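Novice: Mind having a look at this structure? Questions to follow.
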Amino acid sequence: MSRHSKNNTARGHFTYAEMQMLDYGTKKQRLGRDSMRDYDACFLCLQTARDPVCCPEGHIACKECIYENILAQKQEIQRQAQQVEIQAAKEAQEQENKELLAQQIILDEFEKSQMGVLSKAASVRTKGVAGSGVGSPGSPATTSSGDSNGKGDKKRAFELDTEELERISKQERIDVAKAIEDEAKSKKPVLPSFWVPSLTPSNRKTEYKATKLHTMCTASDKEHKLSLKNLIPVKFEMAFEDHDGEDSTLPAKQSAICPICRKGFTNTTKLSILKSCGHVFCDSCCSKFVKKEGKCQTCGSKTKDKEIVSMTGEGSGFSGGGAKEAKKFDVAFQ
1 MSRHSKNNTA RGHFTYAEMQ MLDYGTKKQR LGRDSMRDYD ACFLCLQTAR DPVCCPEGHI
61 ACKECIYENI LAQKQEIQRQ AQQVEIQAAK EAQEQENKEL LAQQIILDEF EKSQMGVLSK
121 AASVRTKGVA GSGVGSPGSP ATTSSGDSNG KGDKKRAFEL DTEELERISK QERIDVAKAI
181 EDEAKSKKPV LPSFWVPSLT PSNRKTEYKA TKLHTMCTAS DKEHKLSLKN LIPVKFEMAF
241 EDHDGEDSTL PAKQSAICPI CRKGFTNTTK LSILKSCGHV FCDSCCSKFV KKEGKCQTCG
301 SKTKDKEIVS MTGEGSGFSG GGAKEAKKFD VAFQ
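When the letters of the sequence shown are read in order and numbered with the UniProt record's numbering, they come out as residues 1 to 334.
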């Protein structure tokens, strides 16, 4: 049996007190009310929303903050698109340079073959191209109507197909460029040493791809598309709070209430907003009155069930009003 001592480490498992003293592993802590933002707080600046607007998923934000966020995302999308264009232009330039080099090598080897001084390596490199019939003088040429046995009196007419000639020439340049590449790879020594600068991962060619194509709302883990047209202006009905038994000299404070039941909103209140007008109600009043009558109880504008959006909140920190946890992970023995 293990002893009840302060410095006891003979057990095969950690106790709760020992786990609290460790600096590694996964640690979880439940966040309280002080760590939750208010129901009317902007998810970007975390302050009470000024000129509040709401996305189609019910996330509230300041009008200025959401505009700056959308503008910054559009600038990032434009920057990524420019990087992709620059990379595509570089790849096209590299491919063009390879084809020009291959064409120059083909011409040099042709001149050497005509003079009879073609080297053995060059002849091996062009062996596959010559064996396939590419580049032969008669390949792009066609003959017109005429008897192959010589029975017809009409002579054959020589026609040159330019498209076929270009295709054969391009294919020949590609084959030669590939042969040059393979030859360079075979000559390059393969070293299993990762510390050599030529073999480091940072020295390898990486493809750049645009990660974002649309502006997104980042208020939740599951991001969704966001645009200026889809923003809903939020209209809270404000009322002055009562100061029963308190000093009457204090300035009256305004708070948002439900226009139907006249109850104040808190983080535990589930709220719904109408897309047509932007008025906010509690869920119970919205289901009892707004959905049944099909119109807003404040301004009388018509609305449908699909135009009612539930506003999301972080809750009050208790089990029934949200589950927010903070996690920290550290690697052991590092």
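We put the beta carbon where it would ideally sit given N, CA and C, even for glycine.
Quantities reported herein were computed from a predicted structural model and do not represent experimental measurements.
1. Am I right that V234 and I60 are in contact with their C-beta atoms under 8 Å? What's the rounded C-beta distance?
2. Classify F281 as buried or exposed, calling it buried when 16 or more other Cβ atoms lie within 10 Å of its own Cβ.
3. Pairs of beta-carbons, one from the segment 99-107 and one from the segment 72-83, closer than 8 Å: are there three or more?
4. Going by the CB atoms, is the gap between L226 and C217 shorter than 8 Å?
5. Check whether the Cβ atoms of C285 and C261 lie closer than 8 Å to each other.
6. Can you tell me whether DSSP reads S113 as helix, strand or coil?
7. For residue 357, collect the residues of the same chain with a Cβ closer than 6 Å to its Cβ; drop the 5 residues on either side in sequence, then sort them by chain order.
8. Name the residue from A252, T312, K229 whose alpha carbon lies nearest to the alpha carbon of A239.
9. Name the residue from S301, I174, C55, A219 whose alpha carbon lies nearest to the alpha carbon of Q103.
10. In whole angstroms, what is the alpha-carbon distance linking G320 and K28?
11. How would you write the range of the beta strand (DSSP E) that M238 sits in, first residue to last?
12. With DSSP collapsed to three states, give me the class of V84.
13. For G12, which residues from the same chain have a beta carbon less than 8 Å from its beta carbon, with the 5 sequence-adjacent residues on both sides left out?
14. Tell me whether the segment 304-314 and the segment 268-275 touch, counting them as touching only if at least three CB pairs, one residue from each stretch, are closer than 8 Å.
Specialist: Result, derived from the coordinates:
1. 6 Å
2. buried
3. Segments in contact, no.
4. yes
5. yes
6. helix
7. The chain is shown from 1 up to 334; residue 357 falls before or after that span and cannot be answered.
8. Answer by Cα proximity: A252.
9. I174
10. For G320, the pLDDT reaches just 42, beneath the cut-off of 50, and the residue's location in the model is therefore unreliable, although a value from the coordinates is still provided. The straight-line gap separating the alpha-carbon atoms of G320 and K28 is approximately 19 Å.
11. Boundaries of the beta strand (DSSP E) around M238: 237-240.
12. Judged by DSSP in its simplified three-state form, V84 adopts helix.
13. There are no such residues.
14. yes
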